[in-house]
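Below is one structure, written out as structure tokens; comments come after it.
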Ligand code: NOJ
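Numbering (my numbering), first residue to last: 6 to 669.
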């Protein structure tokens, strides 16, 4: 190469270098969009670029998607502010959801994805038994599996975040939300809560089909006075630390993504304005790294609870206490800017809250893969594994409470069988409250289950008898007529799904009089009665239990509960559920739970008009077979803090049927 050529080459090389440098700087993506950068580095970068108004919108959750007729999608997407932090997404359409997300990614200044949340409580479209029932199975693996399936169905419908599990230790069955948790014991709530979190969140939140979980309602909500929802809670430090906090701590240790603050006033400082519980315990002591969302309206409600004079003060109190995202009530959106200008809140504090929210969005992989697959409903829901797990868990959660003279499983000699009661052909209440996007049309009724299971061998006679409530006894006549020609009466009573869940408190846990009267009338026929109950809470059964030969509590077992109960009645499945909550004798015996603190005078002081003991204890549940337990062998008789000991026991099935037994 001569001199001239070499200088030409040099010029040419410089030119290429320049062109490359220009195109590189044009293409250079900001650090927060670089999927290879560490999450905390990405968050810091993004926070530097965000304006205050954008940060406040990240701390705001709206609700959307109710009007999900595909013809409205375009219009609705157009209306939406793309900067919003989160939406409670009520449609099931992944297409609509992706359109909304596309708007956030492409039309918001920094392209921050929206976090789509929904109440996936015991299933999304395939509905599993209510959580209280799930705990009766004592089967953590199966509960984890249900959450995994629920997460997948939800994810495929555009949801990235569920407001579950609820780990409020509940000892007052009048409280409607007793159905949503895992019963009266703190440890049971801890382990089932963790199983649910592991199912929803999977190994890695950014994996396909996993969704963020939310522990709720932090904390003390289940202690609402007299079981009245939303009411004041008088929570001693002892109860707080010993009973209420442990399931939340376990969930935080299991890396739960988010926590929801409760509606309740904790001994004078509402849960949604409580610096002690939200910041000192949750964020500082336990080092929770995700974010805290308020419950729907719980910031606004601070004015009702008389701790804030107006919404601005409510926002200030909630924010300073540690709530990072405002669910739906727009208090943050309308007040935080002003509060920063007035120097009541610092940018540093705002950044801390937004950092937590962004962290979950990054952990979910939403910045890198903001869209979900757009599959048909048939490909998304009620898949084979969902159906079999739903059936299995429903069966494992049913509890046999009485079985006089081994009336169950149903004998071959029962040629004529009466099916009576408002639950027999029901497909709504069997799903329970908070049934997500579950559809009555998908549900297998008890009638269908039994027709399939025993209809070929026996003649089934059906009469509704009465409704769930009211005073119309005109159906009794037909019920009695079919009862008289039957060998055994299977009576299916219980609660409507709306009698439990939020705002579902009841002054009595007895069945409505009309249902009890139906049993009294049927008893007069002298036929054996098998009573099957579907409820979201323990029921008051002391007037009924000695009028019937068997009782099964089937709870609200979900889409495939009708098949499960039929297989239990026929004996194909041997019941193995045990109660995670005490059944009192009467409503007046509440509160009563297995680990009550000792009384000063244990043998005295009880209600004099009813037995001392509850009707069915926590942990109670029969089987069609018998088990014999050996002595317990314990690895050490002493235990130190953080130490583990093992207890071994041999269980022998001494009966004639195969069975499953949980040793408590
Ligand atoms: C209010 C309920 O208390 C809470 O459990 C639920 O997750 C939210 N609303 C969102 O629907």
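Each residue gets a CB set at the ideal place from its N, CA and C atoms; glycine is no exception.
Computed from a predicted structure; not experimentally measured.
- For the set 211, 371, 101, 491, the Cα lying nearest the Cα of residue 80 is the one of 101.
- Using a Cβ distance threshold of 8 Å, residue 561 and residue 435 count as a contacting pair.
- Under the three-state reduction of DSSP output, residue 372 falls in the coil class, being neither helix nor strand.
- For residue 221, the shortest separation between its Cβ and any heavy atom of ligand 1 lies below 7 Å.
- Counting only runs of 3 or more residues that sit fully inside the stretch 257-319, the beta strand (DSSP E) segments are 263-266, 296-298, in chain order.
- Taking 8 Å as the cut-off, the beta carbon of residue 401 is found closer than this to the beta carbon of residue 581.
- Between ligand 1 and residue 212, a heavy atom-to-CB distance of less than 7 Å is absent.
- Looking at 358, 509, 345, the one whose alpha-carbon comes closest to that of residue 284 is 358.
- The closest heavy atom of ligand 1 lies 7 Å or more from the beta carbon of residue 180.
- Taking residue 251 as the centre and dropping the five residues before and after it, the same chain places the C-beta of 191, 195 closer than 6 Å to its C-beta, in chain order.
- Shown here for residue 362: same chain residues with a beta carbon closer than 7 Å to its own, the five before and five after excluded, namely 63, 64, 90, 296, 329, 330 in chain order.
- For residue 566, there is no enclosing beta strand (DSSP E); the enclosing alpha helix (DSSP H) covers residues 566-575.
- Excluding its 5 nearest sequence neighbours in each direction, residue 526 has C-beta neighbours in its own chain below 7 Å: 481, 485, listed in chain order.
- Within the same chain, 466, 487, 488, 491, 494 come within 6 Å of residue 423 by CB-CB distance, once the 5 residues on both sides are set aside.
- Closest option to residue 240, judged by alpha-carbon separation, among 134, 610, 274, 667: 274.
- With respect to the C-alpha of residue 264, the residue from 242, 294, 248, 528 having the closest C-alpha is 294.
- Shortest gap from the CB of residue 168 to any heavy atom of ligand 1: under 7 Å.
- With a cut-off of 7 Å, the C-beta of residue 331 is classified as distant from ligand 1, since no heavy atom of the ligand falls inside that distance.
- Contact check for residue 566 and residue 599: beta-carbon distance about 27 Å, past the 8 Å limit, so the pair fails to qualify.
- In the DSSP assignment, residue 221 forms a beta bridge with 171.
- Sequence-distant partners of residue 185 (beyond 5 residues in either direction) whose C-beta falls short of 6 Å from its own C-beta, in its chain, are 136, 171.
- Boundaries of the beta strand (DSSP E) harbouring residue 534: 534-539, taken from the DSSP string.
- Contiguous alpha helix (DSSP H) elements confined to the stretch 19-103 occur at 44-54, 57-63, 78-84, taking only those with 4 or more residues.
- The DSSP-derived three-state label of residue 166 is strand.
- Counting C-beta atoms within 10 angstroms of its own C-beta, residue 46 has fewer than 16 neighbours from the protein chains shown and is therefore classed as exposed.
- In this chain, the beta strand (DSSP E) harbouring residue 558 covers 555-558.
- Between residue 515 and residue 545, the gap from beta carbon to beta carbon is short of 8 Å.
- Set against 7 Å, the gap from the CB of residue 578 to the closest heavy atom of ligand 1 is not smaller.
- Not one heavy atom of ligand 1 lies closer than 7 Å to the C-beta of residue 534.
- The stretch 151-165 makes contact with the stretch 388-408: 3 or more CB pairs, one atom from each, lie closer than 8 Å.
- In the structure shown, residue 590 falls within a coil segment according to DSSP collapsed to helix, strand and coil.
- With distances taken between CA atoms, residue 224 lies nearest to 270 out of 232, 97, 270.
- Taking C-beta separations shorter than 7 Å and ignoring five residues to either side along the sequence, the partners of residue 387 in its chain run 130, 131, 447, following chain order.
- Taking residue 483 as reference, the option from 523, 411, 341, 41 with the minimal CA-CA separation is 523.
- Nearest Cα to residue 538 within the set 551, 528, 570: 570.
- Here DSSP, grouped into helix, strand and coil, assigns residue 200 to helix.
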